[in-house]
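Same order as they appear, the protein sequences are chains W, R, F and P.
The first sequence lines up with residues 1 to 214 when you count with our numbering.
The second sequence lines up with residues 1 to 214 when you count with our numbering.
The third sequence lines up with residues 1 to 214 when you count with our numbering.
The fourth sequence lines up with residues 1 to 214 when you count with our numbering.
Input: a single structure, listed below in structure tokens.
There are 4 protein chains.
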Amino acid sequence: MGVKTTPAKRRTAPREVRRKQLIMAAIDSISKRGFAETTLRHVTEKANLSHGVVNYHFDSKEALYDATLGFLTQEHYSVWTHYLDAAGPTPAERIEAIIRADFDKKICTRKRLAVWFAFWGQAKYRPNYLKIHNRFDNERHDEIATCCAEMTPEGANQSAEIARAARIIESMVDGAWLCLMLYPEVTDREVSRDDCLHTLRNMFPDHFPTKISN
Amino acid sequence: MGVKTTPAKRRTAPREVRRKQLIMAAIDSISKRGFAETTLRHVTEKANLSHGVVNYHFDSKEALYDATLGFLTQEHYSVWTHYLDAAGPTPAERIEAIIRADFDKKICTRKRLAVWFAFWGQAKYRPNYLKIHNRFDNERHDEIATCCAEMTPEGANQSAEIARAARIIESMVDGAWLCLMLYPEVTDREVSRDDCLHTLRNMFPDHFPTKISN
Amino acid sequence: MGVKTTPAKRRTAPREVRRKQLIMAAIDSISKRGFAETTLRHVTEKANLSHGVVNYHFDSKEALYDATLGFLTQEHYSVWTHYLDAAGPTPAERIEAIIRADFDKKICTRKRLAVWFAFWGQAKYRPNYLKIHNRFDNERHDEIATCCAEMTPEGANQSAEIARAARIIESMVDGAWLCLMLYPEVTDREVSRDDCLHTLRNMFPDHFPTKISN
Amino acid sequence: MGVKTTPAKRRTAPREVRRKQLIMAAIDSISKRGFAETTLRHVTEKANLSHGVVNYHFDSKEALYDATLGFLTQEHYSVWTHYLDAAGPTPAERIEAIIRADFDKKICTRKRLAVWFAFWGQAKYRPNYLKIHNRFDNERHDEIATCCAEMTPEGANQSAEIARAARIIESMVDGAWLCLMLYPEVTDREVSRDDCLHTLRNMFPDHFPTKISN
DNA sequence: CATGAATGAGTCTTCATTCAT
DNA sequence: AATGAATGAAGACTCATTCAT
């Protein structure tokens, strides 16, 4: 974890290596102590670096946090892309892939969940966080809405129904995440994922095979 | 708003009045600035009180936060009780009442939502918060599970299906709340509530009339 | 200890009663916590009185401390007077009485010792304390010097020798007190007193009977 | 003295230099204002350093005080060692050296005296101070007792007499110190020292030459 | 690049004092 | 006389940031 060049005598390392190292340490500390309690000292100590480096590699604490959220988003994005690339062409397959991506074991860890909610807990008054996060979230939303559109029969309220379906799916996933973070003894990653898939099947019974090979 | 009419006209008020006043000011500031950024000065200024009162009426900042969360929980609880008392006897009616309570306009405000997520963003490493919150949440969970049980047909996996149904319902609501907080321009309280009710109907189609009188 | 009129419903009490009550509580707290740590709340709590009374009966915290030191001095003074009145007429008897007074069990308690040194620890920059204390101390010094004078044979350096004797006696007693406070397990009141008397006999062997009836 | 030449010209210095600097400033302030009144601001201003340094170089105010007492003790110890090394081999010479050390002009200054009594005024409820101070004091006590033992003739109560002699000598010195602090106009360092030596000669007349070369 | 000493604004908290009741 | 709510100045301590080395 982290990119440690040499264990003892740390030497000059390329900028990106240090940045990544600090971001990972930030994730660790935020997940452990939350936002309010995390100090740059915690971060540098975890990264086994000296006190001054943060402000050397980032403009400010805030910039480190932005980078951290960016990293997390990027990570999510690449997993998502990977699942989508591997998925079949039908909307049902694609939307299922999206959900499965959300619960992939690389991104749906306790540590990352804690950090996500720490960020969301601040999102309202930190528009910056929202902005970073939205870049990916909008794309995801569009994809979900597209899939729903393809599965929703034409009719009077088609567009309203599509919007509702998308909202429900996204809410389900977010709610499952919150539940995973707050009550890890109640569910785990796979159960929550299957709950979401179950709801999805209920919503579009005609588009899913009777039995899902879990 | 930061405008001090007089040098605060030293006025004496019973303990509970001041505590409530400070709690409301805390809610206001947390919703506006979040946890990490809220200082006691913000709180007392909002309450138009002097700096020292907080530590006079509460043991510490943390104690004020605990009391704030307690207040919010209590408020939710009483709305919840009220809805449940007014609901009909069938499980469908009861569970619908619970969901309607969650989106009642008294508790499902932007301000309170922000505070809830601020707390949840800290819940993991602040066991105290989790504890306060859980007292109510467990009761709510049991009620939901009971309703689901009554609506779930007997069968091989009945208990697993009940648990799943309860998880889904709770996740839906939480997810809707998160969505309401993060994207208030996408939904509003009533739309989200109806999304939840819609999902609920989908889950237990036999227990709900074809048309809901909204 | 202290003057409690009624246990439960404290009512109005004459000014002097309250003052004494507060002084005793101050002695108690100073001896227990020292100066820096003693707050008026400690005092009033110990006195079982409400928070506001101190400033009602004393002009300030400082005034309470002055009164406390005054009380202690007065107490010492009256014990001293009592011993001196009871003493025989010879200088040896008088000076022995003075020393015995210093180690009387009424004033030479752990609690009072602690308070005395707390005051002395502040004496240098609190001229007020020194002033209060000196009123008595000067009188005592004069008495000791007079006794020494009567026991010192005439000669070239008589006055210097008198002064030295007085200094030594006073230092001995003060040093013994300090020792009693710092190392209560090493000596006790009576041992220290006898050490002083022993030294005294050594200084003026001709004026003391061979054997002291301890 | 409160005169800041430049905005403190951020100069870097090794840890030990700063610590010493802060300790000296603490001694200065404690001697001037006492314990209760000394604030970190006084210390840093005297040291012409910024507010934050204390908590950078010491864990807390208390830790600074501990270090201050440790410094004073160490200083006393090294003077004491120096005198003892230079002293002749007889017990009389050694014990005289100890007393002379106690009144050496390096450690027996008004400033240091004030600090010592400030500490002793707190010793009772600050076991930490007592502990630091005792490390040296015990060693000193043992040396004094050893000297007394060698000068005390064998007999029925020899051990009791040795103990008494040691107590008397130590009390004398402490008492002389207190007197020096409280009444600097009455004695000075050298007079007090000679008082102690005089008493010592009186106690062991056989071991001292008739005339002391002062 | 990297270190860690130094800074100082800002936080929570304490507490003597005041004052409405 | 007494109470205890309220005030606000002041203290210790934290920490992001700067900068000499």
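Where a beta carbon is used, it is the ideal one built from N, C-alpha and C, also for glycine.
Remember, predicted model here, so these are calculated numbers, not experimental data.
**Study point:** Unbroken stretches of the alpha helix (DSSP H), 4 residues or longer, contained in the region 23 to 94 of chain W
**Key:** 40 to 46, 53 to 57, 61 to 86
Exercise for review: Note down the Cα distance separating R:Tyr129 from R:Asp66, rounded to an integer number of angstroms.
Suggested key: Stepping through the second sequence from its first residue, residue 129 of chain R is reached at position 129. Stepping through the second sequence from its first residue, residue 66 of chain R is reached at position 66. Taking the straight line joining both Cα atoms gives about 7 Å.
Exercise for review: Measure from the C-beta of R:Asn202 to each C-beta in chain W and report whether the shortest distance is under 8 Å.
Suggested key: The residue given as residue 202 of chain R occupies position 202 in the second sequence. Yes, R:Asn202 counts as interfacial toward chain W.
Review point. Is F:Cys267 close to chain P, meaning its C-beta is less than 8 Å from at least one C-beta of that chain?
Key: This structure cannot settle anything about residue 267 of chain F, because the visible part of chain F is limited to 1 through 214.
Check your understanding: Hey, quick one: how far does the alpha helix (DSSP H) through R:Asp174 stretch, first residue to last?
Key -> By one-based count along the second sequence, residue 174 of chain R stands at place 174. From DSSP, the alpha helix (DSSP H) with R:Asp174 extends over 158 to 182.
Review point. With a CB to CB cut of under 7 Å and the five nearest residues on each side skipped, what residues in its chain are close to P:Tyr77?
Key: Within the fourth sequence, residue 77 of chain P is the residue found at index 77, counting from 1. Closer than 7 Å at the Cβ level, and outside the excluded window around P:Tyr77, lie Phe136.
Review point. Can you tell me whether DSSP reads R:Phe103 as helix, strand or coil?
Key: Along the second sequence, one-based indexing puts residue 103 of chain R at 103. Three-state DSSP puts R:Phe103 in coil, outside helix and strand.
Review point. Once you ignore the five residues that flank W:Ile30 on each side, which residues in its own chain have a CB closer than 6 Å to its CB?
Key: Along the first sequence, read from residue 1 onward, the residue named residue 30 of chain W stands at position 30. Same-chain partners within the cutoff: Thr38, Val115, Ala118.
Review point. Which one of R:His57, R:Leu72, R:Leu182 has the shortest CA to CA distance from W:Arg126?
Key: As a position in the first sequence, residue 126 of chain W is number 126, starting the count at 1. Among R:His57, R:Leu72, R:Leu182, the Cα nearest to that of W:Arg126 is on R:Leu182.
Practice item. For R:Ala226, return the contacting residues in chain W, with the cut-off set at a CB-CB distance below 8 Å. Key: Chain R is shown only over 1 to 214; residue 226 of chain R falls outside these bounds and no answer can be derived.
Point to revise | Proximal residues to W:Thr73 (C-beta, below 8 Å), its chain only, five neighbours per side dropped | key: If you number the first sequence from 1, residue 73 of chain W lands on position 73. Excluding sequence neighbours, W:Thr73 sits near Ile132, His133, Arg135, Phe136.
Exercise for review: Can you tell me which of the three DSSP states W:Gly155 falls into?
Suggested key: For this step, residue 155 of chain W is matched to residue 155 along the first sequence. W:Gly155: coil per DSSP, three-state reduction.
Practice item. Can you pull the chain P residues whose beta carbon is under 8 Å from the beta carbon of F:Lys32, in chain order? Key: Here the question's residue 32 of chain F lines up with position 32 in the third sequence. Result: Tyr125.
Review point. What does P:Met172 reach in chain F if we use C-beta pairs closer than 7 Å?
Key: By one-based count along the fourth sequence, residue 172 of chain P stands at place 172. Simply Ser171, Met172, Gly175.
Review point. What does P:Arg11 reach in chain F if we use C-beta pairs closer than 8 Å?
Key: Here the question's residue 11 of chain P lines up with position 11 in the fourth sequence. Going along chain F, no residue has its Cβ under 8 Å from P:Arg11, so there is no contact; the nearest lies around 32 Å.
Review point. Nearest chain P C-beta to F:His198 closer than 8 Å, yes or no?
Key: In the third sequence, the residue the question calls residue 198 of chain F occupies position 198. Yes, F:His198 lies at the interface with chain P (some Cβ there is under 8 Å from its Cβ).
Practice item. Look at the alpha carbon of W:Arg94 and the alpha carbon of W:Gly88, and state the distance between them as a whole number of angstroms. Key: Locating residue 94 of chain W in the first sequence gives position 94, where the first residue counts as 1. Locating residue 88 of chain W in the first sequence gives position 88, where the first residue counts as 1. Those two C-alpha atoms are separated by around 7 Å.
Check your understanding: Three-state secondary structure (DSSP) at R:Asp195?
Key -> The residue you call residue 195 of chain R lines up with position 195 of the second sequence. Helix at R:Asp195.
Review point. Is there at least one Cβ from chain F nearer than 8 Å to P:Ile168's Cβ?
Key: Taking the fourth sequence and counting its residues from 1, the one referred to as residue 168 of chain P is at position 168. Closer than 8 Å: yes.
Review point. Can you give the beta carbon distance from W:Ala92 to W:His207, rounded, assuming they're within the 8 Å contact cut?
Key: Reading the first sequence from its first residue, position 92 is the one you call residue 92 of chain W. Reading the first sequence from its first residue, position 207 is the one you call residue 207 of chain W. That pair is a contact at about 4 Å.
Review point. What are the boundary residues of the alpha helix (DSSP H) that includes R:Arg126?
Key: Indexing the second sequence from 1 puts residue 126 of chain R at position 126. Here R:Arg126 belongs to no alpha helix (DSSP H), and DSSP marks it neither H nor E.
**Study point:** Within chain R, partners of W:Cys179 - CB distance below 8 Å
**Key:** Indexing the first sequence from 1 puts residue 179 of chain W at position 179. Here the neighbours are Arg167, Glu170, Ser171, Asp174.
Check your understanding: Which residues in the same chain as F:Arg19 place their Cβ atom closer than 8 Å to its Cβ, once the five residues preceding and following it in sequence are excluded?
Key -> One-based indexing of the third sequence puts residue 19 of chain F at position 19. Result list for F:Arg19: His57, Phe58, Ala67, in chain order.
**Study point:** Cross-chain neighbours of P:Gln195 in chain F, by beta carbon under 8 Å
**Key:** Position 195 of the fourth sequence, counted from the start, is the residue given in the question as residue 195 of chain P. Note that residue 195 of chain P corresponds to Asp in the displayed sequence, not to Gln. Going along chain F in sequence order, the residues near P:Asp195 (Cβ under 8 Å) are Arg164, Arg167, Ile168, Ser171.
Practice item. Would you mind sorting W:Ala86 into buried or exposed? The rule is 16 or more other CB atoms within 10 Å of its CB. Key: Position 86 of the first sequence holds residue 86 of chain W. Its Cβ having fewer than 16 others within 10 Å, W:Ala86 is exposed.
**Study point:** Cut-off 6 Å between Cβ atoms - residues of its own chain near W:Phe71, not counting five sequence neighbours on either side
**Key:** As a first step, residue 71 of chain W is located in the first sequence; it is residue number 71 there, counting from the start. Within the same chain, W:Phe71 has close Cβ partners Ile23.
Point to revise | Below-8 Å beta-carbon distance, F:Phe117 vs any chain P residue | key: One-based indexing of the third sequence puts residue 117 of chain F at position 117. Answer yes: the Cβ-Cβ gap between F:Phe117 and chain P drops below 8 Å somewhere.
**Study point:** is_contact[W:Ala114, chain R] using C-beta, thresh 8 Å
**Key:** One-based indexing of the first sequence puts residue 114 of chain W at position 114. Yes, contact with chain R.
Point to revise | Within chain F, the residues that P:Leu64 reaches when beta carbons sit closer than 8 Å | key: Counting from 1 along the fourth sequence, the entry for residue 64 of chain P is found at position 64. Correct list: empty, because the minimum Cβ distance to chain F is about 14 Å.
Practice item. Measure the alpha-carbon distance for F:Glu139 versus F:Trp80 and round it to whole angstroms. Key: For this step, residue 139 of chain F is matched to residue 139 along the third sequence. For this step, residue 80 of chain F is matched to residue 80 along the third sequence. Looking at the two C-alpha atoms, the distance is approximately 11 Å.
Point to revise | Under 8 Å between C-beta atoms of W:Leu200 and W:Ile169 | key: Residue numbering aside, residue 200 of chain W sits at position 200 when the first sequence is read from its first letter. Residue numbering aside, residue 169 of chain W sits at position 169 when the first sequence is read from its first letter. The answer is yes: Cβ separation under 8 Å.
Review point. Would you say R:Thr109 reaches chain W, if we count a Cβ-Cβ gap shorter than 8 Å as a contact?
Key: Here residue 109 of chain R refers to the residue found at position 109 of the second sequence. No - not a single Cβ of chain W is within 8 Å of the one on R:Thr109.
Check your understanding: How should F:Gln122 be labelled, buried or exposed, when 16 other C-beta atoms within 10 angstroms of its C-beta is the threshold for buried?
Key -> Taking the first residue of the third sequence as 1, we reach residue 122 of chain F at position 122. Buried is the call here.
Review point. Excluding sequence positions up to five away, which residues of its chain have a Cβ less than 6 Å from the Cβ of R:Ser192?
Key: Taking the second sequence and counting its residues from 1, the one referred to as residue 192 of chain R is at position 192. Within the same chain, R:Ser192 has close Cβ partners Ala176, Leu180.
Practice item. List the whole-angstrom C-beta distance separating R:Asn26 from R:Leu64, where the pair is believed to meet the contact cut-off of C-beta under 8 Å. Key: Against the second sequence, residue 26 of chain R aligns to sequence position 26. Against the second sequence, residue 64 of chain R aligns to sequence position 64. The sequence as given places Ala at residue 26 of chain R; Asn does not occur at that position. With a Cβ gap of about 6 Å, R:Ala26 and R:Leu64 count as contacting.
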